[in-house]
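In my numbering, the protein residues as written are 1 to 283.
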Amino acid sequence: MPGRVKADLKGVPETALWTLYHRAAEAARPDTVLPDPRAVQLISEVDFPFVERLGGTRPWLAQAIALRALGFDRVVRAFLAAHPDGTVIALGEGLETQFWRVDNGRAHWVTVDLSDPLALRRRVLPHGDRQRLIACDARNTQWMTGIDAARGVLVTAQGLLMYLQPAQVTQLIAACAEAFPGGSMVFDTVSRRFSARTRTGAKGPGGHHLPPMPWGMDAVGREQLFSAHPAISEVADVPLPAGRGVLGYLAPRAAALPLLRGDRPLITRLHFGSAPARLAPRP
Ligand SMILES: C[S@@+](CC[C@H](N)C(=O)[O-])C[C@H]1O[C@@H](n2cnc3c(N)ncnc32)[C@H](O)[C@@H]1O
1 MPGRVKADLK GVPETALWTL YHRAAEAARP DTVLPDPRAV QLISEVDFPF
51 VERLGGTRPW LAQAIALRAL GFDRVVRAFL AAHPDGTVIA LGEGLETQFW
101 RVDNGRAHWV TVDLSDPLAL RRRVLPHGDR QRLIACDARN TQWMTGIDAA
151 RGVLVTAQGL LMYLQPAQVT QLIAACAEAF PGGSMVFDTV SRRFSARTRT
201 GAKGPGGHHL PPMPWGMDAV GREQLFSAHP AISEVADVPL PAGRGVLGYL
251 APRAAALPLL RGDRPLITRL HFGSAPARLA PRP
C-alpha cells in the first residue's frame, strides 16, 4: 500500500511491533476487550512483514496482551481521576496508543523510548501539545530532566522491565522513587521461570525468536521491591481485568489457582511516599 511508513526494528525494539500487532488483532474483533481504533488504523499504516517476522497472531495471546494493556489503562485512569492535570511518563512506550484510549483532555504525557522506535512512533502517530517524546534509554536518568512533577506523576513501564538486568531494574525503580515523591509507578513482569526459558533461546507462540528477558519476578518476590528504595511506601498487585471465554474468566483469578499462582505474569503498582527525612533537601 503506498504511503505506508517502513518499520525496520530488530531485537528488543521490534517487540513494540509485536505488542501492537496483537492489540490491533484483538481490537479488530467485534467482541473486543480493548476497543482501540487507533491501533487498528496504525497496523495498516506501518510497512512491516508482520506474519513473516512474528508469525500469525493467536486469539488467546492477542486477548492476553490486550488485557494487560487494559490493566494499565485502569491504573492510568485512576491516576488521572485523582490528578486530572498530572503527568504520565510512559517508559518504553513503543507504538502503544494508550494516550488516545485514556486521555482526559488535560493530562500531560511523556513517551520515553530508544531512538529508532521513538523516531518511528513520531512518524506514525499524531502527537499533540500535551505530549512530549524523549529519545533516551530508560536506564539513563537524563529523561527525568525537565519533567513537570508538580501536578502528580505516574510512571508506566508496560512490557519493558523484563528486558533489563535485575540490578538495572532496581536502579530504575530507586531513581523514580527518589525523583518523584508522592508519585506512583506501574509495571508488568514475567515469571522467573519464563525469564529463564527466554535466556536459553525459547521461541514465542508465533515461532519467532524471543529476545532474552533477564528479569523475572514471582508474586512471592514482590515484597522485596520495598528494599529498592526507602521512599517506596506501597507495593500492590494490579489484577488482570476479566475478559472473554476461559482465558478471560481465569485472568483475574490466576492468584487463586494452584497451577498459575506461582508462575504467571504480574502487574505491580508502587507508590512513592513523600521523601523520608534523610532524603529531604539539605538546608
Ligand atoms: C515489548 S515493547 C512494549 C512497547 C509498549 N510499551 C507496549 O506495551 O506495546 C518494549 C519497548 O521497550 C523499549 N525499550 C527496550 N529497552 C529500552 C530501554 N533501555 N530504554 C527505553 N526503552 C526501551 C523498546 O524499544 C520497545 O518499544
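The beta-carbon is built from N, C-alpha and C at its ideal position, and this holds for glycine as well. Computed from a predicted model, the values in this text were never measured in an experiment.
### Task
Tell whether a beta-carbon distance below 7 Å holds between Ser195 and Arg264.
No, Cβ-Cβ distance for Ser195 and Arg264 is not below 7 Å.
### Contact set for Ala284: own chain, Cβ-Cβ below 8 Å, skip 5 residues either direction
No answer is possible for residue 284: the residues shown for the chain start at 1 and end at 283.
### Message
Among the candidates Arg29, Val112, Ser44 and Gly71, whose CA atom is the shortest distance from the CA of Thr268?
### Response
Checked all of Arg29, Val112, Ser44 and Gly71; the closest Cα to Thr268 is Gly71.
### Selection from Asp8, Asp85, Thr170 and Ile65 that minimises the alpha carbon distance to Leu270
Taking Leu270 as reference, the option from Asp8, Asp85, Thr170 and Ile65 with the minimal CA-CA separation is Thr170.
### Task
Pair every Cβ in the stretch 99-108 with every Cβ in the stretch 10-21, then say whether three or more of these pairs are closer than 8 Å.
Contact between the stretch 99-108 and the stretch 10-21 is absent, because fewer than three Cβ pairs lie under 8 Å.
### Query
Taking Arg130 as the reference, which of Arg151, Val112 and His108 has the closest Cα?
Cα-wise, what sits closest to Arg130 is His108.
### Query
Is Val12 near ligand 1, judged by its Cβ being under 6 Å from some heavy atom?
Within the cutoff, so yes.
### Task
Keeping to the same chain, check which residues put their C-beta closer than 8 Å to that of Arg261; ignore five residues upstream and five downstream.
Short of 8 Å from the beta carbon of Arg261, and not among the five residues preceding or following it, lie these beta carbons of its own chain, in chain order: Ala219, Ala254 and Ala255.
### the stretch 181-190 / the stretch 243-250 touching (three or more Cβ pairs under 8 Å)
Between the stretch 181-190 and the stretch 243-250 there are fewer than three inter-stretch CB-CB distances shorter than 8 Å, so the stretches are not counted as touching.
### Task
Could you work out which residue in Ser274, Gly201 and Tyr21 is closest to Glu52 when comparing CA atoms only?
By alpha-carbon distance to Glu52, the top candidate from Ser274, Gly201 and Tyr21 is Tyr21.
### Message
Rounded to the nearest angstrom, what separates Pro35 and Ala27 at their Cα positions?
### Response
Roughly 5 Å separates the two Cα atoms.
### Message
Assuming the contact rule is C-beta atoms closer than 8 Å, Leu91 and Ala138 should be a hit. Round their C-beta distance to whole Å, please.
### Response
Separation of the CB atoms of Leu91 and Ala138 is rounded to 4 Å, and the pair is thereby assigned contact status at 8 Å.
### Message
Any heavy atom of ligand 1 inside 6 Å of the beta-carbon of Leu114?
### Response
Relative to ligand 1, Leu114 has its C-beta within less than 6 Å of a heavy atom.
### Query
Is the beta carbon of Leu260 within less than 6 Å of some heavy atom of ligand 1?
Not under cutoff, so the answer is no.
#### Entry: Under the three-state DSSP convention, the category Val238 falls into
Coil at Val238, not helix or strand.
#### Entry: Ordered list of beta strand (DSSP E) runs contained in the stretch 110-181, each at least 3 residues
Counting whole runs of 3 or more residues, the stretch 110-181 contains the beta strand (DSSP E) stretches 131-135 and 153-157.
### Task
Would you list the residues sitting across from His271 in a DSSP beta bridge?
Within the DSSP bridge table, the entry for His271 names Ser184 and Glu234 as partners.
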